[in-house]
Structures are given as structure tokens and as C-alpha cells.
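Student:
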Amino acid sequence: MSHLVYRKERVDRGIKVRSDDIFILASLRDLSYATLPKTLAIVILLLFPLLKDLVGTYWESVLVTTIVISLLALSWDLLASAGLVSLGQALFFGVGSYLTGWLSRTFALTPIMSIPLATLVGALLTTLILYPVLRLRGIYFGLITFALPLLLSRVIEVTKILGGTEGLNKIPPLPNLTTELYILIVVLLVCIYAYRRLITSDYGLVLQAVRDNDRAVMAAGFDIQRLKAQAVFLAALPATFAGAFLTHHFQVVGMQSFALDYSILPLTSVIVGGAGTFFGSVLGAFIMIPLSEFLREFASLRVVIYSLLLLIFAIGLPEGIFHFIRRRYQQFERMTALEGESDKRGK
Amino acid sequence: MAANFLIYGLVNSVVLMLSALGFSLTFGLSGVANFAHGGLYLTSGFIAWMLIHYLGLPAFVSMLLTIVITGIIGALIYRIIIMPVRGIALSEVISTMALGVAMIEFFRYIGFVTYDFTLPPLVAGSVDIVGVSIDYQRLVIVGVGVLLAIILWFFTHHTKAGLALRGMSQDEYTALSLGIESDWAAMLSMGMGAALAAVAAMAILPLGIISINMGYDVLLLALSVTVLGGLESTAGLIVGSLLVGYAMVFTSTYIGPQWGTVVYLAAIVLVLAIKPSGLFGKSKELEERV
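Protein sequence lines correspond, in order, to chains A and B.
So the first sequence is numbered by my numbering: it starts at 1 and just counts up by one.
So the second sequence is numbered by my numbering: it starts at 1001 and just counts up by one.
The structure is reproduced here in C-alpha cells:
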């Protein structure tokens, strides 16, 4: 008597296979299967600022923080796609913040001028700062990005430039919360779209190849220093924008901009949401930032609970929530017998 | 002044070396960047305090006990937290860092923040060396530091377990094929790293009060010294701590106390930019950059 051995297998759902193809147009059900999740998320996001009376300004401003962290997480994700694991997104954030503060204080620029300018110049500046260390790989690059923002904030503290420990205040404000939110939402959506297009283009494939096997890319005749520098510039854009925007939101910039928070929070978003798809890191931010607000009622125990939850996510679901949900959405699992095998130990 | 500078620079360097020893050992041997190092350091200080004040054990016994307990905690951290995410460098860093932060903030939450939290020095009193007054505890620190450096060097170069660990760090697949178990080696190195953090805490903490933020500072100091000296070289660690230690004492004496932090952070950045494997790192040249 033989016992069949079973193993689990994952199979694509029929509807997923159909909606991958041109046949998607044949049925409304297939069409909605493929587009509804994205559309729903975008609609909810766009409606949220309008529900001001329902949700209150407090949660609206939580959304500001959430999107800012999402932008930093997106930036992290693009860097990671090119093999540059950053542990210091605060570098980009801080440079953007201080630039916009300095620009609007020195040249009396309005936010409409200073934010784009700080975004572009900040991205250039951070690319220049990181250029000498782009040769580093893996954890070494991570360590240097970890140390750089801390160093910059210390330098500002001891040399008392840019306002020293006091920071720069009286920075011109943005019109109102609803406008701010719509600017942020549009930037976030454009950024996700652009990055997803970028990474699947030929250029993006080369970037991913740098991550997978940099020496093979070199051997194929690409200048990977250039590629990495371009990746840093592209990835810095949303992050410096986030810094510049939040500076005008709070109307003040200080050493806080280089704080560990802005390095850690995007990382936690990526860990929780899952890296590599851009959707995942944004989803992570939309879970972790509101969660940390909910935990405020635990007062000083908040950080402890937050860290432990993060730990559970990191260990329990190492691939990230987004990958998990997507797999459930697209595939199902079933037990299947191994052909021609019988369990010899079972007898 | 010069004697003062030399002696206190030396003490400072040994303090740095002790704080970094555990982190450097774990990273060098198993490649796990244990960002809970600061949390373990602080926790061991409070464990010793609790053993002394709640159970009434003698100071020396509770310190030894603390070192053992912290070592076990370190090994457990590897089993429970790092093993599921082993190989995903980012998850390793984030989960150990989350744990470290949770440990540190937990002690802040339960109110271990007052001036009552001090550990007794092993030997009280002070002595004059070439006109500089120095207390015995600082001499104990130097002694412990030198002793540990020698013991660790002997362990990693002349014992079976130590050689196995080094083999693991040099070439994991070859080591596996020779029958060295990866998880055993990494667990051992984590446990030893944690125990070393406890040793450092037992030696250093009696100098002042146990302050919560020390948990974060220790991690940064450990990181800078380890990076500076090279990730798997004991000699590099010693030279790295001497450099950072003297540089910190020099800048805070002659330029201003607030420059101390700038020095070690700048040291990390410069060394990583110029020679990422540290001043004494030999292997892994290809892994670090292209």
C-alpha cells in the first residue's frame, strides 16, 4: 500500500491569466479585476481631502506626513532597484529642507519658486555628495548614508551655520491644507507612475542589472558610475521635494530634518509593505504612519509597541504585505500529489 | 596637561574599544550587523542593577550573572529574530534596530531615568600616576580591555570554535562543506557579541549614571570604531579605537566639547569613502566596491 506524497502548489487564477491579455476587453468583470484595486485606491486618496469635516484636520495632517514618508520610501525603492541600499533617506530630506529654507529666507522666494528649485538643486547636490561613495556596495553604502545625515546635523550644530540649533523660521506658508494635500497626492501618483514606467523601460532594466550583477553590466560596456549617479539623482527628486514641501508646511526648518526619523520611517514602510514594486513601499507608509498616530494614546510606551509591531511584520512577513496580498489576489494554492512517488517513510 | 591628555585619551580609547568589541565580533564573524547592540548594552546595565537591588546579590556575582544572561539573550535574539530573515540584510538591520529601540524605550517607559541608577565600581578610590589623579575603575577598564583583546585574539586564532567562526566569515560555502553549521556559528557569535556588550557595560557604567540615551550613543560609537578599524581584524579595532579615542579627547580639549561627535561621525564617512574595509581590513576587497 503506497501513500501519496502531497505538496502545495500555487496556480494563477483563471481571471488573472485572462486579464493579462488582450481578452481583458471582452468582459467587464476581467477589466474590473485588473483595474479596480488601483482605481479604488486613487479615488479614495483623491476624495480624502474633501472629507475634511468628517475626518477632521488632525487626520488630514497625518495624511501629509504619510505622503511625505511615502515619497521618501519611493525614493528608497528606486535606489534599491539600482542596488544602492540607503539607510539615510534623511540626507535627501534634510538637504531639500535646508535648501528651500535658505532660498526663501535669502532671496525672499515664494513657495511656488523655492520648492521646485530646492527639489532640483537638492537632488543635484545630494548626487554630488554621494558621487565619491557610489563605488561602495551593499552594507558599506548603507553605513555611509546612515552616518552622513547625522554628521551634517552635527556640523550645523557646532558651526552654527543655517541657524544652528535654532533652525530657520518664518518660512512662507502654503495656501491651505486642502491645496497642500492635492499637490502632495498628485506628486505621489505621478511619482509612482513615472517610477513604474522607468523601471520597466530598457533603461530601468539596466539599472536593475546593476543591482543583480554589476560586473556583468560593466562587461557589457555600460558606465555603471554614471548609471548609479543618474539613479541617485532620479531617486533624490521626490525625497528633496518631500523635505522642501514639509518645510513650507511647518514654516520652519531645523536640525530635526536630518533626524534619524526620516531615515527609519521610510525603511519601516518598505519593510512592512515590501520592496521592489513601489506600490508596496507606499502601502507600507499608509499602514505604519497612521498606526503610529493611533498609538499616541499609549504615550511613552508608543515607541516600544511600534518597534515590536515592526519586528513582527519584519519576521512574520519578510516579503512584505503588498507581495502577500498580490499573491492572494492573483493565485490560489492547492495540494497536489507528487507523481510516481510514494512515501517510503510512511510505511 | 600632556600626561593628562595621554592617560585620559587611553582610557577613552579603551572605553570605545570595549563598547565596540561585541558589535565588531558579531559583524566580523557572522555578517550580522547587530543594531540591538546599544539596547543590549543598556539592558545589561539595568539587569545588573536589578540583580543587585531587587535580589540583593553581591555586586561582583550579579555582574558575572548579567554577562551570562545577556549572552543567552543574544543567542535567543539570533534564534527568534534573525534566523527567519537571515540573508535579507535590510530586514536584519531593521529588525535588530527595532528590537534595540524597543529595549531602550521600554526602560524609559518604566521610569529608569533617575540618578539612582548606578552600578557600584569594582574597586573604589583613586591613585596618582605621574601627577594625574585617576580612579581605580578607569584602571579596571583598561585592564579588562587589554585582557579581552588578548582572550579574543587567542579564541579566534587558536581554538577550534574560533577557527570555525572565522572560516564561516571567510567563505560560508566551503565552511559548510567542512561540516561547520552556519546557524550554530552565527548564534555563537551573536551570543558572544551580546556577552561582550554586557562586559563593556559592567566595566564602563560604574563611571557615571546609567542614562537611557547611552543606548543610542554606544551603537554609533561601536559603528564608527568598527568601520574605522576594519570589520574582521582585532588589531584594526584596537588602532581604530585609539585613533577615535585620542581624536575625540583632543578635539574636546582644544577645540570644544561639542566637536567630539563630529569627529567620530566624520571618521566613519571618510574611512568608508576611502577604504571601506577599514584601515586593517584585508579580505572582502571585491565585496565592498567595484
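Where a beta carbon is used, it is the ideal one built from N, C-alpha and C, also for glycine.
Identify each residue in the region 95-115 of chain A for which the Cβ-Cβ distance to at least one residue of chain B is less than 9 Å, and report them in chain order.
Tutor: Listed in sequence order: no entries.
Student: Rounded to the nearest angstrom, what separates Trp1184(B) and Leu283(A) at their Cα positions?
Tutor: Walking along the second sequence from the start, residue 1184(B) turns up at place 184. Walking along the first sequence from the start, residue 283(A) turns up at place 283. Looking at the two C-alpha atoms, the distance is approximately 36 Å.
Student: Distance cutoff 8 Å, beta carbons only. Does Ser1109(B) sit that close to anything in chain A?
Tutor: Indexing the second sequence from 1 puts residue 1109(B) at position 109. Correcting the residue type first, residue 1109(B) is Tyr in the shown sequence and not Ser. Yes, because at least one Cβ of chain A sits closer than 8 Å to the Cβ of Tyr1109(B).
Student: List the residues of chain A whose Cβ lies closer than 7 Å to the Cβ of Thr1261(B), in chain order.
Tutor: Residue numbering aside, residue 1261(B) sits at position 261 when the second sequence is read from its first letter. Per Cβ cutoff of 7 Å: Arg154.
Student: Can you give me the start and stop residues for the beta strand (DSSP E) that Ile1134(B) sits inside?
Tutor: Your numbering for residue 1134(B) matches position 134 in the second sequence. Unbroken beta strand (DSSP E) run through Ile1134(B): 1132-1135.
Student: Distance, Cα to Cα, Met1017(B) vs Phe322(A)?
Tutor: By one-based count along the second sequence, residue 1017(B) stands at place 17. By one-based count along the first sequence, residue 322(A) stands at place 322. Each residue's alpha carbon lies about 42 Å from the other.
Student: Any idea what DSSP makes of Asp214(A), helix, strand or coil?
Tutor: For this step, residue 214(A) is matched to residue 214 along the first sequence. Of the three classes helix, strand and coil, the one that applies to Asp214(A) here is helix, per DSSP.
Student: Can you list the residues of chain B that Ala359(A) reaches, using a CB-CB cut of under 8 Å?
Tutor: Here chain A comprises residues numbered 1 to 347, so residue 359(A) is not present and cannot be evaluated.
Student: Any chance the CB of Ile115(A) is under 7 Å from a heavy atom of the ligand GDP?
Tutor: This structure lacks the ligand GDP, and indeed carries no ligand of any kind.
Student: Quick one: residues in its chain with C-beta nearer than 8 Å to the C-beta of Val1263(B), no 5 flanking neighbours on either side, listed in chain order?
Tutor: Mapped onto the second sequence, residue 1263(B) falls at position 263. Only Val1244, Ala1247, Met1248, Thr1251 meet the Cβ criterion.
Student: Out of Ile129(A), Gly316(A), Val186(A), state which residue places its alpha-carbon closest to the alpha-carbon of Phe48(A).
Tutor: Numbered from 1 along the first sequence, position 48 holds the residue referred to as residue 48(A). If we check each option's Cα against that of Phe48(A), Val186(A) comes out closest.
Student: What's the gap between the Cα of Phe107(A) and the Cα of Leu1242(B)?
Tutor: Indexing the first sequence from 1 puts residue 107(A) at position 107. Indexing the second sequence from 1 puts residue 1242(B) at position 242. Going from the Cα of Phe107(A) to the Cα of Leu1242(B) covers about 46 Å.
Student: Counting only C-beta atoms, is Leu1243(B) closer than 8 Å to chain A at any point?
Tutor: Residue mapping note: residue 1243(B) aligns to position 243 of the second sequence, counting from 1. No, because no Cβ of chain A sits closer than 8 Å to the Cβ of Leu1243(B).
Student: Distance check for Leu28(A) and Arg18(A), CA to CA, integer angstroms please.
Tutor: Stepping through the first sequence from its first residue, residue 18(A) is reached at position 18. Stepping through the first sequence from its first residue, residue 28(A) is reached at position 28. So the two alpha carbons sit approximately 12 Å from each other.
Student: Quick one: is His1158(B) buried, meaning 16 or more other Cβ sit within 10 Å of its Cβ, or exposed?
Tutor: Walking along the second sequence from the start, residue 1158(B) turns up at place 158. His1158(B) is exposed by the Cβ-count criterion.
Student: Between Glu157(A) and chain B, is the shortest Cβ-Cβ distance under 8 Å, so that the two count as touching?
Tutor: As a position in the first sequence, residue 157(A) is number 157, starting the count at 1. It does; some Cβ of chain B falls within 8 Å.
Student: Below 6 Å CB to CB, which residues in the same chain sit around Pro149(A) once its five sequence neighbours on both sides are set aside?
Tutor: Walking along the first sequence from the start, residue 149(A) turns up at place 149. Excluding sequence neighbours, Pro149(A) sits near Gly88, Ala90, Leu91, Gly94, Phe258.
Student: Output yes or no for whether 8 Å exceeds the beta carbon distance between Ala1201(B) and Gly1031(B).
Tutor: The residue you call residue 1201(B) lines up with position 201 of the second sequence. The residue you call residue 1031(B) lines up with position 31 of the second sequence. No, the pair does not count as a contact, with Cβ atoms beyond the cut-off.
Student: Give a yes or no on whether the minimum CB-CB distance between Val133(A) and chain B is below 8 Å.
Tutor: Numbered from its first residue, the first sequence carries residue 133(A) at position 133. True, the Cβ-Cβ gap to chain B drops below 8 Å.
Student: Tell me the DSSP secondary structure of Tyr1115(B) in three-state form.
Tutor: In the second sequence, residue 1115(B) corresponds to position 115, counting from 1. The answer is coil: DSSP assigns Tyr1115(B) none of H, G, I, E or B.
Student: According to DSSP, what are the bridge partners of Phe1106(B)?
Tutor: Taking the first residue of the second sequence as 1, we reach residue 1106(B) at position 106. None; Phe1106(B) has no bridge partner.
Student: List the residues of chain B whose Cβ lies closer than 7 Å to the Cβ of Ala147(A), in chain order.
Tutor: Looking up residue 147(A) in the first sequence gives position 147. Within 7 Å Cβ-Cβ: Leu1265, Ile1268, Val1269.
Student: For a contact meaning CB atoms closer than 7 Å, what does Phe1106(B) contact in chain A?
Tutor: The residue labelled residue 1106(B) in the question sits at position 106 within the second sequence. Val304, listed in chain order.
Student: So who's on the other strand from Gln331(A), going by DSSP bridges?
Tutor: As a working mapping, residue 331(A) is identified with position 331 in the first sequence. Answer is Asp12(A).
Student: Does Ile287(A) get closer than 8 Å to chain B when you measure Cβ to Cβ?
Tutor: Position 287 of the first sequence holds residue 287(A). No, Ile287(A) does not count as interfacial toward chain B.
Student: Please report whether the beta-carbon of Ala1089(B) lies at a distance below 8 Å from any beta-carbon of chain A.
Tutor: Residue mapping note: residue 1089(B) aligns to position 89 of the second sequence, counting from 1. Closer than 8 Å to some Cβ of chain A, the Cβ of Ala1089(B) qualifies, so yes.
Student: So, does the region 1051-1063 of chain B touch the region 1145-1158 of chain B, judging by three or more C-beta pairs under 8 Å?
Tutor: Result no; under three Cβ-Cβ pairs closer than 8 Å.
Student: In three-state DSSP terms, what is Leu168(A)?
Tutor: Numbered from 1 along the first sequence, position 168 holds the residue referred to as residue 168(A). Strand at Leu168(A).
Student: Taking 8 Å as the cut-off, does the region 177-185 of chain A touch the region 251-266 of chain A (at least 3 CB pairs, one atom from each stretch)?
Tutor: At 8 Å Cβ cutoff, the stretches do not touch.
Student: So which of Arg1086(B), Ala1048(B), Gly1236(B), Ala1098(B) has the shortest CA-CA distance to Leu1271(B)?
Tutor: On the second sequence, residue 1271(B) is found 271 positions in, with the first residue counted as 1. This sequence places Val at residue 1271(B); Leu is not what is there. Closest option to Val1271(B), Cα to Cα, is Gly1236(B).
Student: Say whether chain C places a C-beta atom closer than 8 Å to the C-beta of Phe1117(B).
Tutor: Looking for chain C here will not work: the only protein chains present are A and B.
Student: Taking Phe233(A) as the reference, which of Ala41(A), Val121(A), Asp214(A), Lys38(A) has the closest Cα?
Tutor: For the purposes of this step, residue 233(A) is identified with residue 233 of the first sequence, where counting begins at 1. Looking at the Cα atoms, Val121(A) is the closest of the given residues.
Student: Identify every residue that forms a DSSP beta bridge with Asp1128(B).
Tutor: Counting from 1 along the second sequence, the entry for residue 1128(B) is found at position 128. The partner list for Asp1128(B) (beta bridge, DSSP) reads Ser1133(B).
Student: Checking contacts by CB at 8 Å: is Gln1258(B) closer than that to chain A?
Tutor: In the second sequence, counting from the first residue as 1, residue 1258(B) sits at position 258. It does: the Cβ of Gln1258(B) has a partner Cβ on chain A nearer than 8 Å.
Student: For the region 1014-1036 of chain B, which residues have a CB atom closer than 8 Å to at least one CB atom of chain A, in sequence order?
Tutor: Listed by position, the residues of the region 1014-1036 of chain B near chain A (Cβ gap below 8 Å) are Ala1033.
Student: Beta carbon of Gly1230(B), beta carbon of Gly1278(B): below 8 Å?
Tutor: In the second sequence, counting from the first residue as 1, residue 1230(B) sits at position 230. In the second sequence, counting from the first residue as 1, residue 1278(B) sits at position 278. Their beta carbons are under 8 Å apart, which means Gly1230(B) touches Gly1278(B) by this criterion.
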